[in-house]
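Notes to accompany the following structure.
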Ligand SMILES: [Zn+2]
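In my numbering, the protein residues as written are 2 to 144.
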């Protein structure tokens, strides 16, 4: 994906968040950042941005992934409350419980790469003024 921004100019916040939500480099929009599903490359193959800028950098990604999973479980909790309030059968309650358990297993695995690029986008928006955050075609990211 091309970069419509001029060199040295950061993308808009919404553009960076949208790129992160699509598993793309928030800084330049490049894709193919993951080996298989879980392994994020160290640097963007297009702009050279270093994703893990420091030890523990992806703690924010963990928090995002955890929050999305908990939000899904909260939705199942709401469904369970509705089932119980309407005098639902044991089968309906068991179905909701199985759905919640499946959600708790599948969502964090599915959302894992998205949480990393989304967190990178959030980090970039928070450090918008830093020289290393601005896009430079083919540039080397400085940490
Ligand atoms: Zn990039």
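Note that beta-carbon positions come from the ideal geometry of N, C-alpha and C, so glycine has one too. Note that the structure is predicted; figures quoted are calculated from it, not measured.
Next on the checklist: If you measure between the beta carbons of residue 134 and residue 128, is that distance less than 8 Å?
Outcome noted: yes
Item to check | Residue range of the alpha helix (DSSP H) that includes residue 99 | outcome: 91-127
Item to check | Classification of residue 17 by the beta-carbon crowding that lies within 10 angstroms, buried from 16 upward | outcome: buried
Checklist entry - Does the distance from the CB of residue 108 to the CB of residue 73 come in under 8 Å? => result yes
Checklist entry - Leaving out five residues before and five after residue 144 in sequence, what residues of the same chain have Cβ atoms less than 8 Å from its Cβ? => result For residue 144, the predicted structure reports a pLDDT of 44, less than 50, and the residue's modelled location is therefore unreliable. A value from the coordinates is still provided. 51, 54, 55 and 133, listed in sequence order.
Item to check | Check: residue 135 C-beta below 7 Å from any heavy atom of ligand 1 | outcome: no
Item to check | Simplified DSSP state of residue 41, which is helix, strand or coil | outcome: strand
Next on the checklist: Between the alpha carbons of residue 23 and residue 46, how many angstroms are there, rounded?
Outcome noted: 16 Å
Next on the checklist: Helix, strand or coil for residue 58? Go by DSSP, reduced to three states.
Outcome noted: coil
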